[in-house]
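These protein sequences, in sequence, are chains A and B.
Take the first sequence: its position 641, counting from 1, is numbered 715 in this note's numbering, and each next residue is one higher.
Take the second sequence: its position 35, counting from 1, is numbered 70 in this note's numbering, and each next residue is one higher.
Beta carbons are placed, not taken as given, at the ideal position from N, Cα and C, and that holds for glycine.
Keep in mind it's a predicted model, so treat the numbers as computed, not measured.
One structure below.
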Amino acid sequence: MGSKEIGGWSGTLLRVDLSLNQVWTEPSIPYGRQYVGGRGMAARIAWDEIEPGTGPFDPENRLIFAPGPLTGTSAPNSSRTTVCSLSPQAYPYEWFSHSSIGGFWGPALKYAGYDGVIVEGEAARPVYLWIDDGHAELRDAGELWGRGTFATQEALMERHGPGVRVLTIGQAGENRSRIAIIASGTGSAAGQGGFGAVMGAKRLKAVAVRGTQGVPLAHPDAFSECTLNVARELHATMGCPEVAELDPKMVRKFGQRHVACSQQCAIDGCWISRSYAKVPGVLHPERTYSGAIACESALFGGVEGTYYDWRTGFRAGYELAQISQDYGLNHWELAIGIAPWLRRCHQEGMLADLDGVPIDLDTPEWWDALFDKIAFRKGVGDALAEGGVRAANVLGMGEELIPEFYTAWGFAGHWDGRGDKINLVIFPYWLVTALQWATSTRDPLASGHGYAQNVMNWSPMRSPNRGLDWETLADVGARFYGSREAVHPESGYEAKAWPAVLHGRRSIMKDSLTLCDQVYPRIYSVKTRDHFARAENGMAGPSFEYHMFRLATGMELSEDEFEQMGERVFNLERALQVRNWGRCRGVDEQIIPEFERVENWVNPSVGEKVGVDRERFAALLDEYYTLLGWDTETGRPTQVKLRELGLSDVATELARHRLIELIEQD
Amino acid sequence: MAGWLNQVAVPSKQIGETMPRTIRARPVSIRWDKEKCTTCLSCMVVCAERHTGVSALSRSRIRVLPQVLGGDYGAEYCRQCRNAPCAAACPEEAIQFDQQLRTWIVHAERCTGCGACVEACPFDAIQVDQVSGVAAKCDLCAGAAWCVQACPTGALTVAGRAREGKDGK
Numbered sequence: 075m076g077s078k079e080i081g082g083w084s085g086t087l088l089r090v091d092l093s094l095n096q097v098w099t100e101p102s103i104p105y106g107r108q109y110v111g112g113r114g115m116a117a118r119i120a121w122d123e124i125e126p127g128t129g130p131f132d133p134e135n136r137l138i139f140a141p142g143p144l145t146g147t148s149a150p151n152s153s154r155t156t157v158c159s160l161s162p163q164a165y166p167y168e169w170f171s172h173s174s175i176g177g178f179w180g181p182a183l184k185y186a187g188y189d190g191v192i193v194e195g196e197a198a199r200p201v202y203l204w205i206d207d208g209h210a211e212l213r214d215a216g217e218l219w220g221r222g223t224f225a226t227q228e229a230l231m232e233r234h235g236p237g238v239r240v241l242t243i244g245q246a247g248e249n250r251s252r253i254a255i256i257a258s259g260t261g262s263a264a265g266q267g268g269f270g271a272v273m274g275a276k277r278l279k280a281v282a283v284r285g286t287q288g289v290p291l292a293h294p295d296a297f298s299e300c301t302l303n304v305a306r307e308l309h310a311t312m313g314c315p316e317v318a319e320l321d322p323k324m325v326r327k328f329g330q331r332h333v334a335c336s337q338q339c340a341i342d343g344c345w346i347s348r349s350y351a352k353v354p355g356v357l358h359p360e361r362t363y364s365g366a367i368a369c370e371s372a373l374f375g376g377v378e379g380t381y382y383d384w385r386t387g388f389r390a391g392y393e394l395a396q397i398s399q400d401y402g403l404n405h406w407e408l409a410i411g412i413a414p415w416l417r418r419c420h421q422e423g424m425l426a427d428l429d430g431v432p433i434d435l436d437t438p439e440w441w442d443a444l445f446d447k448i449a450f451r452k453g454v455g456d457a458l459a460e461g462g463v464r465a466a467n468v469l470g471m472g473e474e475l476i477p478e479f480y481t482a483w484g485f486a487g488h489w490d491g492r493g494d495k496i497n498l499v500i501f502p503y504w505l506v507t508a509l510q511w512a513t514s515t516r517d518p519l520a521s522g523h524g525y526a527q528n529v530m531n532w533s534p535m536r537s538p539n540r541g542l543d544w545e546t547l548a549d550v551g552a553r554f555y556g557s558r559e560a561v562h563p564e565s566g567y568e569a570k571a572w573p574a575v576l577h578g579r580r581s582i583m584k585d586s587l588t589l590c591d592q593v594y595p596r597i598y599s600v601k602t603r604d605h606f607a608r609a610e611n612g613m614a615g616p617s618f619e620y621h622m623f624r625l626a627t628g629m630e631l632s633e634d635e636f637e638q639m640g641e642r643v644f645n646l647e648r649a650l651q652v653r654n655w656g657r658c659r660g661v662d663e664q665i666i667p668e669f670e671r672v673e674n675w676v677n678p679s680v681g682e683k684v685g686v687d688r689e690r691f692a693a694l695l696d697e698y699y700t701l702l703g704w705d706t707e708t709g710r711p712t713q714v715k716l717r718e719l720g721l722s723d724v725a726t727e728l729a730r731h732r733l734i735e736l737i738e739q740d
Numbered sequence: 036m037a038g039w040l041n042q043v044a045v046p047s048k049q050i051g052e053t054m055p056r057t058i059r060a061r062p063v064s065i066r067w068d069k070e071k072c073t074t075c076l077s078c079m080v081v082c083a084e085r086h087t088g089v090s091a092l093s094r095s096r097i098r099v100l101p102q103v104l105g106g107d108y109g110a111e112y113c114r115q116c117r118n119a120p121c122a123a124a125c126p127e128e129a130i131q132f133d134q135q136l137r138t139w140i141v142h143a144e145r146c147t148g149c150g151a152c153v154e155a156c157p158f159d160a161i162q163v164d165q166v167s168g169v170a171a172k173c174d175l176c177a178g179a180a181w182c183v184q185a186c187p188t189g190a191l192t193v194a195g196r197a198r199e200g201k202d203g204k
C-alpha cells in the first residue's frame, strides 16, 4: 500500500498536557495509514494510553478532538470533528465513547495544520487552547469561566478576530454535568457522551482556532472530479418523508432559511437544519434570537401529532434551544429522556413539582427552570445534571419508568422502536438496531442512520410519495447486503446480522474520514432506473467513501482493504472494551429486556406489535459474533481475527490479561 | 444544469495583446442569490482545489462569509464589470478581457503582485494569493464554473451566457 503523493491528512497531531502546561506535536500519518483518522485514530490512542481503572474526570483521561483526512476538502458533508473520551454520561460503565460535531471548527483545525488535538492532564486554573496556523499555546481563561457558550465565542472572536472558530463549554460543562455538550456556533454540538464535563474537569474552557493554510491532496484533479460526482448524486431528496421546503410565513416573520450544519454540505436544504435571523423571545421579550437550529433542538417547541406533543410553540421552542445551547446542555437527553421521564413521574404521583415550579411541559417557564437548575446544579437539578438514569438512582424515584425512555448504557432511545417515540421504525428493522445497541458504547447511530433510518425513510411508510416500494427496496438491498431478506419487511430474523456488521464498520468510517452520519452510505436512489444509488459516471453509491479516501490521501489500496480499515477499528474498540471494562457477551445481552418490550409501531405485514424473542435473538447474536470473527461464548475478538487485521500486539496484550487465549505464537 | 457546463472551454490566448479596458461584449459572470445560499462554503473549497490543487478557504476566489453567531452572511465575488477597475488599476496590464470566455483574466506571468487591483475592486473580489504571490480572481474556470456546479441549492448561477439572453439588460 505505498504511494508517492500524500494528501488529506495535514500531517501533525497536537498534544496538550494541561497539568504540565505543555504543548507538543507528533506525526499523524502513521496513525492515519492504519486507522484512517477521527474515531479510528482515537481508538488507537485510547488503547495505548488509557489504562484500566481510569475514570472520565481523572487527569489521565484523554480528550481527543479529531477530524479526518477528508475534513476541510470538497468531499460533500465532510466537515465533522469526532470527539472521543471516557464518557461521564455512559452508565453503568464510564467507558470510552464518541460523539461528533459539525460546523466550521474541524476544517479550521485542518487548515491550521493539525489532524487532531489530544488533551491530557488537568489545569490548575481555567485555560483555553489557542491554535494559530501551526502554533499552539495555553492561555488564561479566568475571565471566560462562568460564561455561556455564546459569550465565550464572542469574547474569543473579539480577541483573536472574527475568522476564529471556537469549541467551548458552557456553565453545564464547568459544573461537570454528565449531560454537558461541547458547542460551536449556535446549532452545533458534540452532544452525546457528556464530554463537556470532561473539559470542565480538565478546566479547559475552549479551543480557539485560526486556520488559513490548506489541506494538500494527493490527486487534486481526480479528487475534485470525484467529489463533484458525489455531490451531484446528493443534490436531491435523501428519501426523507418530507422534502425540505421553507415556510413562506416563517421566512417573512422570522427570517427562516436553509442552513448547512456542516461546511461542504451538499444536501439541498436538509429537513433537520434551519436558521432564523430574528425571533423575538417569549421568556425574554426584550431579546431577539438568531442562529441555527437542528434536529432535536426543534423538539422544545413540541411536534404535533407525536408523543412529544407539548405546546410551547415555535418562538418559545426556538428560544429554549438557544438557551440550552448557551448553557451547553444536551438537547437530545433533555427532550427525549429527562423531560418526558419527569412528566411520567409527575403523572404517577411521584413528583409534585420541580422545587416549586409546576411540571407542565406546555409552558416555556418550566423548561427554562429545568435548564437553569441542571446547568447550575440547583436543588433537584444537582441530581438531574447526572443525566436521567443516574438521577432516578440518586433520587430513588421513577427507576421503573426509566426503561420506557432509556434503551441502554445511560442513553435515551434512538431508532430502536421503543425509547425513541418519534422515529418510526418497525420489526424486523429494529433487530439490526438491537444488535448495534448490544455492542455499542452509546446510542448506536451506526445502524440508526445507516440502516434503520435509511430503510424507513425510503419506505412507503415514511415516504409515500417520494420513496420506493418494499419490493424495490429489497431488490436494492440485495445489491448492498447480498440478500433481499436483509431489507424485506417479511424477512423476520433472517439476514439481520450482516447489515449490523456492515453498518458498524461504515459508521466507524464516517466518524473517521469524517463524513455526515445522516447521508452516507448512499444505497437507494430515485434518480437511477434500478434505484441503486450511482453517480453520473457510474461510480456505485456505497463506494463513494472509498474513492474519495484513496484520491485524497494517495493511499493505494483495494476496496476490500478499505473496508478492513473499518473492521480494524471496530475490533480495536472492542478490545479496549474487553480489557478496560470486561465487556463480554453477558454485558451485551443486558439490552435484551428492553427489546423484549413490544415495539411502538406495527409492521403492516406482521399485523401486531411485537418484541424480541429471546431464543431467536440469541441465535442472531451467535451469527453476529461469528461474522465479526469473535468468540460466540465470550463475545471477545479472537487472536485469529486480530492477527488478520494487523492487531497482533492487541491480541498479545489481551492474552497477558488472560482475556483471550493465544492459539498460535507470533 | 445548462449544456454549456459540459463543454470543453478553449484556453485564453490573447497574452501580449493590449485589450481595451472597457469592453463592448457583455461579460459572463457568476451571480449569487443570498436567499438560496446555505453558507455551506462548497463553492470556496471547490474553487481553491480547482485553481491551486489544495483544499483551502483562504485561497478561494469567491468568498461566502457566514457570521458564526448571527443570522447574517454575505459574499464577495467577481461581477466581471464592463468597466473593470481592477484592469484599469493594473500597471502591468496583466488583467485582460478574454473575448472568447467574455471574462477578465489575470495573466500571471505579467502580474507583480503589487495589489493595485485589490485596492481598486469595489467588491473585494480579487486578492493576491498567499502562496503564489499573484493576483487571483474568478476566471469562470475557463467556462466550467466549478463552484456553480458544486452549489447544492442553485444559489450560484452563471449570468450573461448567450442562451440566457433574457437576464441581460
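For this session: Please decide whether A:C590 counts as near chain B, where near means a Cβ-Cβ distance under 9 Å.
Result: no
For this session: Pull up the distance between the alpha-carbon of B:G88 and that of A:D585, whole angstroms please.
Result: 25 Å
Exercise. In chain order, what residues of the same chain lie with their CB nearer than 6 Å to the CB of A:A368, ignoring the 5 residues before and after it?
Worked result: G261, C335, I346 and S347
For this session: Check A:H234 in the structure and name its three-state DSSP category.
Result: helix
For this session: Over the uninterrupted beta strand (DSSP E) stretch that includes A:G363, give me the two end residues.
Result: For clarity, residue 363 of chain A is Tyr in the given sequence; the question names Gly instead. Note, A:Y363: beta strand (DSSP E), T362 to A368.
Exercise. Taking the alpha-carbon positions, what's the A:H562 to A:Y109 distance?
Worked result: 34 Å
Exercise. For A:G741, which residues of its own chain have a beta-carbon under 6 Å away from its beta-carbon, when the five flanking residues on both sides are left out?
Worked result: Nothing about residue 741 of chain A can be read from this structure; chain A reaches only from 75 to 740.
Exercise. Contact between the stretch 66 to 86 of chain B and the stretch 289 to 300 of chain A: three or more CB pairs below 8 Å?
Worked result: yes
For this session: Work out the CA separation of A:L320 and B:A180 for me, nearest whole Å.
Result: 28 Å
For this session: Please check the pair A:Q163 and A:R252, which I expect to be a contact at CB under 8 Å, by giving their CB distance rounded to whole angstroms.
Result: 5 Å
Problem set entry | Buried versus exposed, by CB contacts within 10 Å (16 or more), B:A190 | buried
Problem set entry | Distance between A:A693 and A:G493 (C-alpha atoms, nearest Å) | 24 Å
Exercise. How would you list, in chain order, the residues of chain B whose beta-carbon sits under 8 Å from the beta-carbon of A:C339?
Worked result: T73, C75, S77 and P187
Problem set entry | Interface flag, A:E228 vs chain B, CB-CB below 9 Å | yes
Exercise. So A:A186 and A:V90 are in contact, right, with Cβ under 8 Å, and what is the actual spacing, rounded?
Worked result: 14 Å between Cβ atoms; not a contact.
Exercise. Going along the stretch 104 to 133 of chain B in order, which residues come within less than 8 Å of chain A, judged by CB to CB distance?
Worked result: L104, G105, G106 and D107
For this session: Could you list which residues in chain B have their beta carbon closer than 9 Å to that of A:S159, in chain order?
Result: Within chain B, no residue comes near A:S159; the closest Cβ sits about 24 Å away, beyond 9 Å.
For this session: Pull up the DSSP beta-bridge partners for A:A280, would you.
Result: A:Y202 and A:T242
Exercise. Quick one: which chain B residues come within Cβ less than 9 Å of A:I351?
Worked result: Per the sequence presented here, residue 351 of chain A reads as Ala, with Ile not at that position. Residues of chain B passing the Cβ test: G105, G106 and D107.
Exercise. Going along the chain, which residues of its own chain have a beta-carbon closer than 6 Å to the beta-carbon of A:V550, five neighbours each way excluded?
Worked result: Y598, H605 and F606
Exercise. Given 8 Å as the limit, is there contact between the stretch 456 to 463 of chain A and the stretch 511 to 519 of chain A, that is, 3 or more CB pairs closer than that?
Worked result: no
For this session: Kindly say whether A:G551, judged by its beta-carbon, lies nearer than 9 Å to any beta-carbon of chain B.
Result: no
Problem set entry | beta strand (DSSP E) segment containing A:G190, residue limits | G190 to E194
Problem set entry | Inter-stretch contact at 8 Å, needing at least 3 Cβ pairs: the stretch 142 to 150 of chain B / the stretch 120 to 130 of chain B | yes
For this session: Using a Cβ cut-off of 7 Å, pull out every chain B residue sitting near A:Y698, in sequence order please.
Result: In chain order: nothing, as chain B lies at least about 37 Å away.
For this session: Output, in chain order, the set of chain B residues within a Cβ distance shorter than 8 Å of A:T260.
Result: V103 and L104
For this session: Measuring only between beta-carbons, confirm whether B:I162 sits less than 9 Å from chain A.
Result: What sits at residue 162 of chain B in the sequence shown is Gln, not Ile. It does not; no Cβ of chain A falls within 9 Å.
Exercise. For A:P711, which residues does DSSP report across the bridge?
Worked result: A:W704
For this session: Decide yes or no for the touch test of the stretch 629 to 644 of chain A against the stretch 672 to 687 of chain A: beta carbon pairs closer than 8 Å, at least 3 of them.
Result: no
Exercise. For A:I138, does the three-state DSSP call read helix, strand or coil?
Worked result: strand
For this session: Return the residues of the stretch 294 to 311 of chain A that lie within a Cβ-Cβ distance of less than 9 Å from chain D, sorted by chain order.
Result: In the displayed structure, chain D is absent; the protein chains listed are A and B.
Problem set entry | Strand pairing of A:A257, partner residues [DSSP] | A:T242 and A:A263
Exercise. Which first and last residues belong to the beta strand (DSSP E) in which A:Q96 is found?
Worked result: Q96 to P101
Exercise. Using the beta-carbon of each residue, which ones in chain A are nearer than 8 Å to B:C95?
Worked result: The sequence given here has Ser at residue 95 of chain B, not Cys. The contacting residues do not exist; B:S95 stays about 10 Å from chain A at best.
Problem set entry | Unbroken beta strand (DSSP E) run spanning A:V90, endpoints | T86 to D91
Problem set entry | Counted within 10 angstroms of its Cβ, other Cβ atoms place A:E559 as buried (16 or more) or exposed | buried
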